[in-house]
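Note that the protein sequences, when read in sequence, are chains A and B.
With our numbering applied, the first sequence has no gaps in its numbers, which climb one by one up to 182 at the end.
With our numbering applied, the second sequence has no gaps in its numbers, which climb one by one up to 791 at the end.
First up is the structure itself, then whatever we jot down about it.
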Amino acid sequence: MTTVKLSVNGKEMSAEVEGRTLLVDVLREKLGLTGTHVGCDTSQCGACTVHVDGKSMKSCSVLAIDVAGAEVTTIEGMANPDGSLSVIQAAFKEHHGLQCGFCTPGMVMTAAALLKENPVPTEGEVRAYLEGNICRCTGYHNIVKAILAASGQDVAAMAGE
Amino acid sequence: MYNFDFTRPSTIKEAVAAIGAGGQALSGGQTLIPTMKARLAMPETLVSLTGIQEMKGICTNDAGQICIGAATTHAEVAHEVAKSYPALSDLAGHIGDPAVRNRGTIGGSLANNDPSACYPSAVLGSGAIVKTNSREIAADDFFQGMFTTALEEGEIITEVKFPVPQKANYQKFVQPASRFALVGVFVAKFADGVRVAVTGASGEGVFRWTEAEVALSKDFSAATLDGMAAPSADGMISDLHGTGAYRAHLVKVMTARAVVAA
C-alpha cells in the first residue's frame, strides 16, 4: 500500500491505496465522497466525471496513484461556500435537468468544464461536449437547457419536457 | 483488475530502464486501464509516463515540422495546433469525448495502434516521423497491422514530428454506438503529392489508398474520384456495424468529403 495525497475540494486529504485503486474508489470508499457515481465502469457513461487539476476526467479510468498530488474537484465541491447551489446546480434544478439523478454529478462537472472553456456555448456545442455523458431519463433536452441557462442565455423559447 | 507494482519515473531514461526490466508503459490509460479491468491485460509492473515533462508539449522545429511530445493529451494537441495544423487539431478534438481527450495521449494511441483509432491516419497521412528513445521511424514503417507497430520490446515513443501539408482534412464516419471511426480518412496535399490514409476499415489497421493518392496528386478534386472504383473489400473489417463492402464504399465517400473540405 502507498499513501496518496490529494487536494480534494480544497482540503488536503490522504489515503492508503494499491496500485490498482481507481481515483473514483478513493473518493467514494476512502474519503466518503459518494456524490461521484460509478455508472458503467468502462469510461463510457461519464457519471464518474471529476476535475483533476482543473480538467474533466473519468475517475473510473484514472489510477489514484498516477494523480498523486493533484487538485481534485468533485460534485461535493460545486456548491457555493455558504452551501447554496452554484449557478449550474441551480439551473439543473430550475429547468428539471435531472430525473433519477444518477448521471447528474457527471453532467454538472462536465457542464462546469465546458463553461470554463466556453462561457457562452451554442446548443450544438453543449450537445457535442456532453458526448461522453449518458443520461437514460431526460432525453438530454432539459440538461442542455439548464447548461445554456447557466451560461446566462435566455432559454424561455426552448422546448422542454 | 489484478494488482501490480507501480512506478512513475520523471525522465525518459528512468522510464526506459523500468520498462526494460519488464514493466508495461502506461500513458493516459484510456485504453489500457479498461483493458486491465477486463483482465485482458495483466502487467506485473506499470510504468507511468505521465510524470515525464520532457515528453510533453508542442513546438515547431527548424524544418517547420510540428513536434508533439508523446505524453501530450488530445485536448492539448487540439488546442495548440489549431492555427498551425487545423486538420490535426480537428482530428484530435474529436477523439472520444472531452474527458477522454484530457487524459489520453498521442503516444499512447500510436503505440496501441487500434485499427479504429483516429491518430494513426494523421501520422500516416502526414508522413510523420515517430521518434522513440532510440531512433526515428517513418510512419510508413511504423504501422505493421492491427495493434502491431515497429516498436521493439522496451522501446517507447517520445515524440511525433509532423510535416505540415498545404491542405489537409480528416473525415470520420462514426460507429453510432462507440463513436470510434467506422471509417476515417485523412487526406494531405503536399507540394510533392497527396497522401490518403484510412483508418477503421481494414483488418490490417491504418493503410494508404495509393490509387487515390496517384489520382489526387494529378488533380486534387472530388471529381477525380468519381470515375474510380472504391478500394477492394478484401481484408476490410466486416462486423455487425458494417460489411467489408460497405466500409470500402465509405472509404471513397469519406475521401471525397475530405478533399472538398481540405
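Idealized CB from N, CA, C, for every residue including glycine.
Small disclaimer: the values here were computed from a predicted structure and weren't measured.
The beta carbons of Arg632 of chain B and Val93 of chain A sit no closer together than 8 Å. In this structure, Val659 of chain B and Val689 of chain B form a Cβ contact; the two beta carbons are roughly 6 Å apart against a cut-off of 8 Å. Within the stretch 114-165 of chain A, complete alpha helix (DSSP H) segments of at least 4 residues are found at 125-138 and 144-150, given in chain order. Any Cβ of chain A closer than 8 Å to the Cβ of Arg776 of chain B would place that residue at the interface, and such an atom is absent.
Closer than 8 Å to the CB of Leu84 of chain A there is at least one CB belonging to chain B. By DSSP's assignment, Val176 of chain A forms no beta bridge with any residue.
By alpha-carbon distance to Val703 of chain B, the top candidate from B:Ala628, B:Met675 and B:Leu620 is B:Leu620.
Contact of Val629 of chain B with chain A by beta-carbon distance below 9 Å involves Ser64, Met78, Lys79, Ser82 and Gly153. Chain-ordered, the chain A residues with CB closer than 9 Å to the CB of Thr579 of chain B read Asp87 and Val88.
For Ile168 of chain A, the CB contacts under 6 Å within the same chain, skipping 5 residues up- and downstream, are Ala132 and Val147 in chain order. Ranking B:Thr602, B:Ala599, B:Gln594 and B:Val629 by CA distance to the CA of Ser613 of chain B puts B:Gln594 first. Taking a C-beta distance under 8 Å as the contact criterion, Glu583 of chain B and Ile541 of chain B qualify as a contact pair.
Using a CB distance cut-off of 8 Å, Gly98 of chain A does not count as an interface residue toward chain B. Scanning the stretch 674-705 of chain B from its first residue to its last, the whole beta strand (DSSP E) runs of 3-plus residues come out as 686-691 and 696-703. Counting along the chain, Ala777 of chain B sits inside the alpha helix (DSSP H) bounded by residues Gly773 to Ala790. By the criterion of a C-beta distance shorter than 7 Å, Ala646 of chain B is surrounded in its chain by Ser638 and Thr728, once the five residues flanking it on both sides are discounted. Cβ contact annotation for Gln174 of chain A (same chain, cutoff 7 Å, sequence separation greater than five): Val141, in chain order. Leaving aside the five residues that flank Val629 of chain B on each side, the residues in its chain whose CB is nearer than 7 Å to its CB run, in chain order, Gln559.
Ser577 of chain B sits buried, since 16 or more C-beta atoms from the chains shown fall within 10 Å of its C-beta.
Shown here, Met571 of chain B sits in coil according to DSSP, grouped into three states, outside any helix or strand.
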